[in-house]
Amino acid sequence: SVVLAWEPPPERLELRGYHICVNGELHQALGPGVPPKAVLENLDLRAGPLHVSVQALTSQGSSDPLRCCLVVGTQARVGPSQLRVHRLTATSAEITWVPGNSNLAHAVYLNGEECPPARPSTYWATFCHLRPGTLYQARVEAQLPPRESRGPGWERPEQR
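Rendered as structure tokens:
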């Protein structure tokens, strides 16, 4: 079983429920008025990492599934995956990734130099003022919170 809890959307939005997806497939639907938490049963956590996401269903549509997500199961890692380049121009590039845990900030590097970090629930960065014809290498790393600020029950996946 996996126990999830999350922050609800701002009160100014009419909440119509939540969709909890596992590997992109709807696993559980919750109606409006329920607390923002769920227990996911019947997951094969030994089969490998599972990508769990929560989408709020509001009067303005569904929230972005990558803004509230977590990888669980065997070999689950908090680090990002699927780093991709989008919107490439001669002098700029946008990168995106799938976070292993949307609660974590991410350190972003370009050619080994640290860039401004991506805040929690952010899974993209933009590089500007690039030189045409120059080779660049981007890297993204999850930033674990300082040990003293970790809440009760925090454990690294490799400690399980």
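Anchor point for the sequence shown: position 3 equals 3 in full-length UniProt numbering, and the numbering is continuous, going up by one each time. Think of the CB as a built atom: it goes at the ideal place given N, C-alpha and C, for glycine as much as any other residue. Just so we're clear, the structure is a prediction, and the values are computed from it rather than from any experiment.
Just list the residues that DSSP pairs residue i with in beta bridges.
{"i": "Glu141", "result": "Ala107"}
{"i": "Tyr18", "result": "Leu30, Ala56"}
{"i": "Ala125", "result": "Ile95"}
{"i": "Val71", "result": "His51"}
{"i": "Pro131", "result": "The sequence given here places Arg at residue 131; Pro does not occur at that position. DSSP lists no partner for Arg131."}
{"i": "residue 161", "result": "Residue 161 lies beyond the residue range present for the chain, which begins at 1 and ends at 160; the question has no answer from this structure."}
{"i": "Leu40", "result": "Val2"}
{"i": "Gly61", "result": "Thr58"}
Just verifying my parser: in three-state terms, what is the DSSP assignment at residue i?
{"i": "Leu13", "result": "coil"}
{"i": "Leu66", "result": "helix"}
{"i": "Asn101", "result": "strand"}
{"i": "Leu4", "result": "strand"}
{"i": "Ala90", "result": "coil"}
{"i": "Val78", "result": "coil"}
{"i": "Gly24", "result": "coil"}
{"i": "Pro157", "result": "Note that Pro157 scores a pLDDT of 45, beneath 50, so its modelled location is shaky and nothing firm can be said."}
{"i": "Arg119", "result": "coil"}
{"i": "Val85", "result": "strand"}
Please name the residue in the options whose C-alpha comes closest to that of residue i.
{"i": "Pro32", "options": "Leu135, Leu66, Pro9, Asn103", "result": "Pro9"}
{"i": "Arg67", "options": "Trp97, Leu26, Leu110", "result": "Trp97"}
{"i": "Leu4", "options": "Thr58, Arg16, Leu88, Ile20", "result": "Ile20"}
{"i": "Glu114", "options": "Val71, Asn23, Gln143", "result": "Gln143"}
{"i": "Gln55", "options": "Trp6, Pro116, Pro132", "result": "Trp6"}
{"i": "Glu94", "options": "Ser102, Leu15, Gln137, Ser53", "result": "Gln137"}
{"i": "Leu15", "options": "Leu26, Leu30, Asn23, Val22", "result": "Leu30"}
{"i": "Val48", "options": "Pro117, Asn23, Leu110", "result": "In the sequence as presented, Val is not what sits at residue 48; that position holds Gly. Considering only alpha carbons, the answer is Asn23."}
{"i": "Val52", "options": "Asn42, Leu110, Pro65", "result": "Pro65"}
Am I right that residue i and residue j are in contact with their C-beta atoms under 8 Å? What's the rounded C-beta distance?
{"i": "Ser59", "j": "Leu13", "result": "6 Å"}
{"i": "Pro132", "j": "Ala90", "result": "4 Å"}
{"i": "Val2", "j": "Val72", "result": "5 Å"}
{"i": "Ser102", "j": "Pro117", "result": "Between Pro117 and Ser102 the Cβ distance is about 14 Å, and since that is not below 8 Å, they are no contact."}
- Message: I'd like to know if the segment 27-42 and the segment 75-88 are in contact, where contact means that at least 3 CB-CB pairs between them fall below 8 Å.
- Response: no
- Message: If contact is defined by three or more beta carbon pairs under 8 Å, each pair taking one atom from either stretch, is the segment 98-111 in contact with the segment 121-132?
- Response: Segments in contact, yes.
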